[in-house]
Amino acid sequence: MKAYIIRRLLLIVPTFVGISLISFCVIQLAPGSPVSFKLLGMQGSMQADANTQKIIEDTTRAYGLDKPIPEQYVLWLGRLVRLDFGTSFKDQRPVRDKLFEALPITIELNVISIFLIYILSIPLGIYSSTHTRSVSDNVLTVILFVLYSLPSFFVAMLLILYLGGGEYLDWFPVYGTSSLAAESWPWWKRLADHVWHIALPVFCLTYGGLAGLSRYARAGMIETIRQDYIRTARAYGFSERVVVLRYALRNSLIPILTLLGTLLPAMIGGSVIIERIFSIPGMGRLTFDAILARDYTTVMGALAMSAFLTLIGLLVTDVLYAVVDPRIKYD
Amino acid sequence: MTRAMNQAGTHRKESYWRLVWGQFRKNRLAMAALGVLALLAVVAVAAPVLANDVPLYMIKSGRSYWFPNLITYPSLTAENFYRSASRWEPGADEYALRTPIPFSPINQTLPDKKRPPGAKHWLGADGTGRSVAARLIWGTRISLTIGFVSAGIAVVIGMVVGALAGYYGRWVDTVALRVIEVVICFPSFFLILALMAFLPPSIYNVMVVIGLTGWTGIARLVRGEFLKLRESEFALAARATGMGDARIIFRHLLPNALAPVLVSATFGVAGAILTESALSFLGFGVPAPTASWGELLYQSQRLVSSGVWWLVVFPGAAIFITVTCFNLVGEGLRDAIDPRLRQ
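Residue numbers (this note's numbering), protein chains in the order written: chain H, 281 to 611; chain S, 42 to 384.
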């Protein structure tokens with residue numbers, strides 16, 4: 281297992297290089313050079329100025345744009361390792377600062393969602409797998425299937441329309457993560473206000489993954505219950521409860537754990553839409569606004585950052601997998 | 042001898058797919074979903090005769106025109122008829138047989154803007170007075186085209202990468218697995234959005250970008266199948282006859298890995314339709330004024346305070362029904378190819 285984990289960790293290096301290469305290629309795809317974008321922010325009259333030439337030269341040198349492309353890549357990689365993504369074209373602030381400001385709320389939302397997904401889907405899966413072909417299992421299956429196919433932005437728009445401030449009910453706030461006056465409130469009231477604000481976004485982020493994962497949990501459990509060792513356990517006379525929770529559950533959990541690897545990128549991608557709809561100042565919103573403003577450095581920073589976060593998530597999944605299933609060997 | 046083997050191969054393949062189809066047909070829910078999808082395909086193909094402001098048949102100025110909505114008549118173009126068809130009312134000796142939804146998906150009618158569902162517009166009108174029904178019908182075209190083309194691109198890339206990785210193993214496999222991991226690491230929606238921001242807006246870019254980011258699952262699937270298949274006796278036999286690798290991979294092994302790929306591709310179509318609608322919802326998808334389901338939801342964002350529920354509910358339902366049907370068909374296929382469930 282130790283050898284597996286070490287090999288797994290070493291494999292980050294090529295993946296990291298690959299991620300940086302793709303990010304770099306995407307930058308090269310951007311129309312025009314960063315220099316021309318820097319100038320775009322200025323007044324048209326200034327562009328004819330004699331200083332303009334100097335600005336162009338300075339910027340070109342500062343970004344290393346006068347060097348050949350492979351060298352540019354190496355320079356860029358060096359900055360990337362130090363998390364130096366350059367300054368935003370939009371407001372000239374370091375992209376790193378903007379990312380670190382936006383990161384906590386996105387991580388908070390996603391961690392809460394993933395926690396809810398796992399804490400709810402496993403009992404749901406156990407319940408419906410031990411009650412197969414019953415009415416409640418069928419109802420649950422249909423509900424989960426419907427949830428699985430509902431696009432999150434559609435659900436978000438319905439929730440905003442009917443539950444938040446539209447023409448109908450006004451139960452939930454649909455803007456930001458806290459009330460404007462919250463600063464002066466005691467902590468418990470602030471917490472309640474925060475929970476009230478993120479309830480709808482978290483719901484939108486959660487239900488799809490929950491539906492998907494419950495279905496996998498059900499399938500995994502049904503698969504495990506058919507195994508011989510479960511029959512043996514039953515033959516020993518253990519109660520059904522002990523058989524399912526003590527013996528079957530552990531093995532049926534393994535495939536669900538690995539699903540975290542596919543869930544994570546989908547959730548981070550999904551938060552672009554949800555954060556945009558609910559005006560939550562996280563990574564998704566930052567990226568979206570940067571894309572709208574053609575703020576390429578911020579877009580690239582966010583893209584690289586989200587890729588690294590996902591990479592870490594995949595790594596944790598693989599290591600956890602090795603921990604819970606010691607049979608695994610590399611290859 | 043090769044020919045005989047091939048014939049045997051085709052025969053076996055046909056009977057296998059017939060078996061799968063027989064299993065699939067027993068699943069009533071999946072069959073119903075397939076029926077709905079067939080209906081949607083008909084709607085997509087027949088969009089010009091279902092929703093158009095140009096009539097199906099008309100008599101104008103003493104001349105009769107068959108299907109002016111499909112055929113561009115020079116005499117009508119000369120009168121500038123195609124641009125003003127919605128405003129044209131047949132006179133005393135004139136006649137017009139309109140399409141079921143007599144509105145174009147593109148022409149704006151500002152007096153009708155935000156008109157709720159009613160006698161004129163069954164499903165209401167959008168923020169610029171365009172019929173929601175017409176836009177939904179034409180949007181079916183966009184959604185299905187993007188779904189199938191993107192999934193097609195993903196299937197081709199995924200099969201080739203997966204087949205090469207699984208068949209050759211060793212360093213090819215290592216490289217392929219790293220490439221797959223790199224692509225997985227980019228949250229695909231982030232990557233798609235960033236690419237769409239850098240590329241000029243066009244429906245082809247949407248298809249290609251969704252396809253280029255969606256092949257990893259299929260590649261892993263095919264790789265897994267090939268790891269098993271390359272050790273099988275018929276692969277050994279094929280190698281023993283001195284066949285080239287390409288022939289073994291594509292003629293002998295790949296057909297045996299197709300069934301799970303088909304399942305995955307079906308889910309892929311659903312995913313691509315969702316992604317396109319999400320992109321259009323954010324304003325980065327199909328460029329205006331093309332009708333798309335996500336674009337109607339995009340409009341509803343700005344108009345949400347005026348309670349335009351028909352801009353949320355109808356396109357959302359269209360996306361939901363389509364995606365559900367593709368998922369149901371995918372599930373049905375998966376059950377049909379699973380030998381453990383065969384009766």
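Yeah, the Cβ is synthetic: ideal placement off N, Cα and C, and Gly gets one too.
It should be emphasised that the depicted structure is a prediction, and the values quoted were computed from it without experimental measurement.
Bridge-paired residues (DSSP) for residue i
i, result
"H/Y407", "Answer is none; H/Y407 lacks a bridge partner."
"S/L105", "According to the sequence as given, residue 105 of chain S is Ser; it is not Leu. For S/S105, which the question treats as bridged, DSSP gives the partners S/I100."
"S/P136", "What sits at residue 136 of chain S in the sequence shown is Tyr, not Pro. BP columns for S/Y136 point to S/I100."
"S/G300", "The amino acid at residue 300 of chain S is misidentified as Gly; the sequence shows Ala. In the DSSP output, where bridge partners are listed per residue, S/A300 has none listed."
"H/T367", "H/P374"
"S/A311", "Answer is none; S/A311 lacks a bridge partner."
"S/A359", "DSSP lists no partner for S/A359."
"S/I142", "S/A92"
"S/A166", "S/S172"
Min CB distance residue i to chain S below 8 Å
i, result
"H/P294", "yes"
"H/Q323", "The predicted model places H/Q323 with a pLDDT of 49, which falls under 50 and marks its position as unreliable; any figure quoted below should be read in that light. Taking Cβ atoms only, chain S never reaches closer than 8 Å to H/Q323, which makes this a no."
"H/V361", "no"
"H/M501", "no"
"H/I574", "What sits at residue 574 of chain H in the sequence shown is Arg, not Ile. Closer than 8 Å: yes."
"H/L355", "no"
"H/S586", "yes"
"H/R556", "yes"
"H/L653", "With chain H covering 281 to 611 only, the question about residue 653 of chain H has no answer from this structure."
"H/V579", "yes"
"H/L594", "yes"
Local Cβ density within 10 Å of residue i, reported as buried at 16 or more and exposed below that
i, result
"S/E272", "exposed"
"H/C305", "exposed"
"S/Q64", "buried"
"S/T316", "buried"
"H/Q308", "exposed"
"S/R171", "buried"
"H/R413", "exposed"
"S/S56", "exposed"
"S/S347", "exposed"
"S/N93", "buried"
"H/H411", "exposed"
"S/A278", "exposed"
"H/K469", "exposed"
"S/A206", "buried"
"S/D286", "exposed"
Distance between beta carbons of residue j and residue i, contact taken as under 8 Å
i, j, result
"S/P242", "S/P328", "4 Å"
"H/G564", "H/V552", "4 Å"
"H/L589", "H/I548", "7 Å"
"S/V249", "S/G203", "That belief does not hold up - the Cβ atoms of S/V249 and S/G203 are roughly 20 Å apart, past 8 Å."
"H/P374", "S/P228", "Their Cβ separation, rounded to whole angstroms, is 23 Å, which puts H/P374 and S/P228 out of contact at 8 Å."
"H/R464", "H/H477", "The sequence as given places Ser at residue 464 of chain H; Arg does not occur at that position. Rounded, the Cβ-Cβ distance is 17 Å, inconsistent with contact."
Cross-chain neighbours of residue i in chain H, by beta carbon under 7 Å
i, result
"S/L75", "The premise fails here: S/L75 is roughly 16 Å from chain H at the closest Cβ pair, so nothing lies under 7 Å."
"S/W350", "L441"
Under 7 Å by beta carbon: chain S residues contacting residue i
i, result
"H/G549", "P228, S229, F230, F231"
"H/G298", "R219, V220, V223"
"H/R288", "The contacting residues do not exist; H/R288 stays about 11 Å from chain S at best."
"H/V552", "F230, F231, L234"
"H/V375", "Going along chain S, no residue has its Cβ under 7 Å from H/V375, so there is no contact; the nearest lies around 14 Å."
"H/L430", "F361"
"H/P238", "Residue coverage of chain H in this structure runs from 281 to 611, which leaves residue 238 of chain H outside it and unanswerable."
Proximal residues of chain S, C-beta to C-beta of residue i below 9 Å
i, result
"H/T590", "I225, C226, F227, P228"
Interface flag, residue i vs chain H, CB-CB below 8 Å
i, result
"S/V302", "no"
"S/F267", "no"
"S/W58", "no"
"S/L323", "yes"
"S/L80", "no"
"S/S184", "no"
"S/A319", "yes"
"S/V310", "no"
"S/T169", "no"
"S/N246", "no"
"S/V239", "Going by the sequence as given, residue 239 of chain S is Phe instead of Val. Chain H, which has a Cβ nearer than 8 Å to the Cβ of S/F239, makes this yes."
Chain S contact residues for residue i, given Cβ-Cβ distances below 8 Å
i, result
"H/V567", "First, the residue type needs correcting, since residue 567 of chain H is Thr and not Val in the sequence shown. Chain S residues near H/T567: F231, L234, A235."
Interface residues of chain H facing residue i [CB-CB closer than 9 Å]
i, result
"S/T282", "Chain H residues near S/T282: none, gap ~30 Å exceeds 9 Å."
"S/V327", "Those do not exist, as S/V327 stays about 16 Å from chain H at its closest Cβ, beyond 9 Å."
"S/F65", "Simply none; closest approach about 18 Å."
"S/N368", "F425, Y428, S429"
8 Å Cβ cut-off: residues of chain H touching residue i
i, result
"S/Q340", "Per Cβ cutoff of 8 Å: no residues; S/Q340 is ~11 Å from chain H at best."
"S/V353", "F434, M437, L438, L441"
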